[in-house]
Amino acid sequence: MPFLRQSAISIDMNANDDLIMATGLEAQAPHFSRPIALEGASNFRDLGGYQGQDGRHLQWRKLYRSAHLAHLTQDDLNQLKALGVSRSADFRGLGESAHLAYNWPQLSRHALTVEPTVVQRAQSMIEKGQDLTAGDTVELMHDTYRSFVNVYGQRFAEFFTLLQSSDAPLVFHCTAGKDRTGWAAALLLTALGVDEEQIMDDYLLTNQLFRRPPASMLGQISEEALDALWRVQPSYLMASVDTVRNQYDSLDSYLTQALGVDRAARERLADLYLSE
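In my numbering, each number is its position in the sequence shown, counted from 1, plus 883.
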């Protein structure tokens, strides 16, 4: 199912959780778990085990994706230290990172600012008295994903520069760990030769692992609109993918032409993050 080809305007609020979990949380290495249970952060997971180029698999305990890290407990920090996590790539906007700041001595934080966020835009619409429907929210999500390509390509190029600088275990995140982080993960897995089905499966795991914030933070909004906001669905990721394909023909061309991830860079990434 290459990136689950579907209409950019379709709305699927009832994704089958059994299918989402079919990625195999213990894939390729039964003694490793993909989700990492933390008290102060949700949606934290290991990207290890996915099959990449030449049949090589992503190494476990090297690359992680997550929601924000501002509320980590001491036990959480001890767990990350045990995992060797020493770097973070933070895709949050300036307001988000100021409001939910963190400065953990064991983590070298790299700011890769991408804004405005979906939540900020939704809040702005609500404050203007607009009724935010599920359809409005889905289109807002699509617009946001298109902006990752049209506006913020440089930030994702910087992400790849950071990835190539060292193989020290790294966690990349935004606030919820689903949209900016989801696109970054899709690009990274593509660069490492992971197939599109596995990439989409990883993207959809957010629907299992993300802990929603209180509904009250957005005021009066329907449950359907909240589902569209806090869950992910294939058409969101496809909004970015289709934008890339319309402009660059393929994700591979986009990586090379727009993000500077050429053959040498991909070989470097493979050496750092794929098994022998």
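Heads up, the beta-carbon is just placed ideally off N, CA and C, and yes, glycines get one too.
All values reported here derive from a predicted model rather than from experimental measurement.
Residue burial classification, residue i (beta-carbon count within 10 angstroms, cutoff 16)
i: Asn926; result: buried
i: Asn1090; result: buried
i: Gly967; result: exposed
i: Ala905; result: Low confidence applies to Ala905: its pLDDT is 38, below 50, so where it sits in the model is not reliable, and the reading given next is rough at best. Counting Cβ neighbours within 10 Å, Ala905 comes out exposed, since fewer than 16 surround it.
i: Arg1095; result: exposed
i: Val1034; result: exposed
i: Gly1060; result: buried
i: Gly938; result: exposed
i: Asp1084; result: buried
i: Glu909; result: In this predicted model, Glu909 has a pLDDT of only 44, less than 50, meaning its place in the structure is not dependable; the value taken from the coordinates is given anyway. The residue in question, Glu909, is exposed, as its Cβ has fewer than 16 Cβ neighbours within 10 Å.
Beta-carbon gap between residue i and residue j smaller than 8 angstroms
i: Gly997; j: Arg1038; result: Gly is not the amino acid found at residue 997; the sequence shown has Val there. Yes. Within cutoff.
i: His951; j: Thr1058; result: yes
i: Ala1067; j: Phe1093; result: no
i: Leu1112; j: Ala1005; result: yes
i: Leu1157; j: Gly932; result: no
i: Pro999; j: Gly1036; result: no
i: Leu1072; j: Arg928; result: no
i: Ser949; j: Ala924; result: yes
i: Asp958; j: Glu922; result: yes
i: Ala1148; j: Thr1020; result: no
Of the listed residues the options, nearest to residue i (C-alpha basis)
i: Val1054; options: Leu1134, Leu960, Arg1029; result: Leu960
i: Gln1047; options: Asp929, Arg1146, Asp1078, Thr1126; result: Arg1146
i: Ala920; options: Leu955, Thr1073, Val1077, Gln1003; result: Leu955
i: Val1032; options: Met1083, Leu1070, Asp1110, Glu922; result: Leu1070
i: Arg1114; options: Leu1138, Asn1129, Val1002; result: Val1002
Chain-order list of residues whose beta-carbon lies under 6 angstroms from that of residue i (same chain, five-residue window excluded)
i: Tyr985; result: Leu952, Ala953
i: Arg1063; result: Phe974, Val997, Cys1057
i: Lys964; result: Gln989
Beta-carbon separation (whole angstroms), residue i vs residue j, contact threshold 8 angstroms
i: Ser1118; j: His1025; result: 7 angstroms
i: Ala1017; j: Leu1142; result: About 33 angstroms; that fails the 8 angstroms criterion.
i: Ser1007; j: Ala994; result: Ser1007 to Ala994, Cβ: 23 angstroms. No contact.
i: Tyr1086; j: Leu1138; result: Not quite, the Cβ-Cβ distance comes to about 17 angstroms (not below 8 angstroms), so this is no contact.
Residues near residue i by beta carbon distance below 7 angstroms, same chain, minus five either side
i: Ala1122; result: Ala891, His1025, Tyr1028, Arg1029
Close Cβ partners of residue i (< 8 angstroms) along its chain, the five nearest in sequence each way excluded
i: Pro1052; result: Arg944, Lys945, Leu946, Tyr947, Leu966, Gly967, Val968, Ser969, Arg970
Residue-level contact to chain D via CB, residue i, 8 angstroms cutoff
i: Leu1112; result: Looking for chain D here will not work: only one protein chain is present.
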